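This report refers to the structure that appears directly beneath it.
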Amino acid sequence: MRLQITPQIIARSFMLCDAASVFSTVDASRAYLREWLPWLDNISSIHDYEVFIQQSQIDEASGVSLTLGLWDGDNCIGVCGFNSFAPVAKIGYWLAESYQGQGIIQCACQQLINYGFQQLNLKQITLQAAVDNYKSRAVAEKLGFTLQNILPQHEWLYDHYVDHAVYVYAS
551 MRLQITPQII
561 ARSFMLCDAA
571 SVFSTVDASR
581 AYLREWLPWL
591 DNISSIHDYE
601 VFIQQSQIDE
611 ASGVSLTLGL
621 WDGDNCIGVC
631 GFNSFAPVAK
641 IGYWLAESYQ
651 GQGIIQCACQ
661 QLINYGFQQL
671 NLKQITLQAA
681 VDNYKSRAVA
691 EKLGFTLQNI
701 LPQHEWLYDH
711 YVDHAVYVYA
721 S
């Protein structure tokens with residue numbers, strides 16, 4: 551699958567040959583991304599991303615989830631997708647620090663939301679972000695998501711729990 555996000559940026563399904571590029575991006579942004587992403591310590595090699603990509607391909611083919619790389623030419627700059635579809639779709643994303651503040655994630659999520667409602671016949675999409683992750687919460691609000699509730703101590707983030715804000719977008 552492929553979506554045009556901006557004239558320069560595309561979102562597309564991962565291929566196994568993408569593992570080195572996405573690992574390089576994660577590794578270069580590791581300290582920054584670690585503030586909000588709990589899985590970074592589990593990704594320590596290109597092989598780890600090869601395994602991730604293979605599972606993403608299986609999950610996409612079976613309709614379990616949809617994971618798209620965000621690309622600026624040959625450079626992976628982030629990921630967006632639906633982490634699950636049941637009972638409602640859950641959208642997730644991350645972006646390399648050097649690409650933030652340009653509206654890329656907002657555009658990518660809007661394209662993904664449109665695809666979800668128009669092509670996948672979704673009725674509702676949720677987005678969760680740590681309460682103190684103001685950038686991610688701002689993305690949700692700019693996209694028109696409505697704050698539904700706060701989940702106390704919802705996620706273990708390396709050495710502490712963080713509360714999550716749960717946002718909902720209905721078709």
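So the mapping is simple: this note's numbering equals the position in the sequence shown, first residue as 1, plus 550. Idealized CB from N, CA, C, for every residue including glycine. This one's a predicted model, so the numbers in the text were calculated from it and none came from an experiment.
Inter-residue Cα distance where the pair is residue i and residue j
i: residue 582; j: residue 676; result: 24 Å
i: residue 620; j: residue 687; result: 20 Å
i: residue 565; j: residue 598; result: 14 Å
i: residue 711; j: residue 628; result: 25 Å
i: residue 586; j: residue 646; result: 13 Å
i: residue 658; j: residue 557; result: 12 Å
i: residue 580; j: residue 713; result: 22 Å
i: residue 578; j: residue 707; result: 20 Å
i: residue 555; j: residue 661; result: 7 Å
i: residue 650; j: residue 680; result: 18 Å
i: residue 640; j: residue 632; result: 5 Å
Beta-carbon separation (whole angstroms), residue i vs residue j, contact threshold 8 Å
i: residue 568; j: residue 630; result: Not really, about 14 Å apart at Cβ, beyond 8 Å.
i: residue 718; j: residue 678; result: No, residue 718 and residue 678 are not in contact; Cβ-Cβ is about 10 Å, not under 8 Å.
i: residue 615; j: residue 609; result: 4 Å
i: residue 721; j: residue 672; result: 7 Å
i: residue 715; j: residue 700; result: 6 Å
Under the three-state DSSP convention, the category residue i falls into
i: residue 717; result: strand
i: residue 614; result: coil
i: residue 707; result: coil
i: residue 624; result: coil
Query - Runs of alpha helix (DSSP H) lying entirely within the region 635-704, each at least 4 residues, in chain order - result: 654-668, 684-692
Query raised in the report: Is the region 634-645 in contact with the region 553-561, if contact means three or more CB pairs nearer than 8 Å?
Result: Contact fails: fewer than three Cβ-Cβ distances are below 8 Å.
Query raised in the report: Taking three-plus beta-carbon pairs below 8 Å as touching, is the region 598-608 in contact with the region 668-684?
Result: no
**Report entry** Segments assigned alpha helix (DSSP H), at least 4 residues, entirely inside the region 557-586
**Finding:** Counting only runs that start and end inside the region 557-586, the alpha helix (DSSP H) elements of at least 4 residues fall at 569-578, 580-583.
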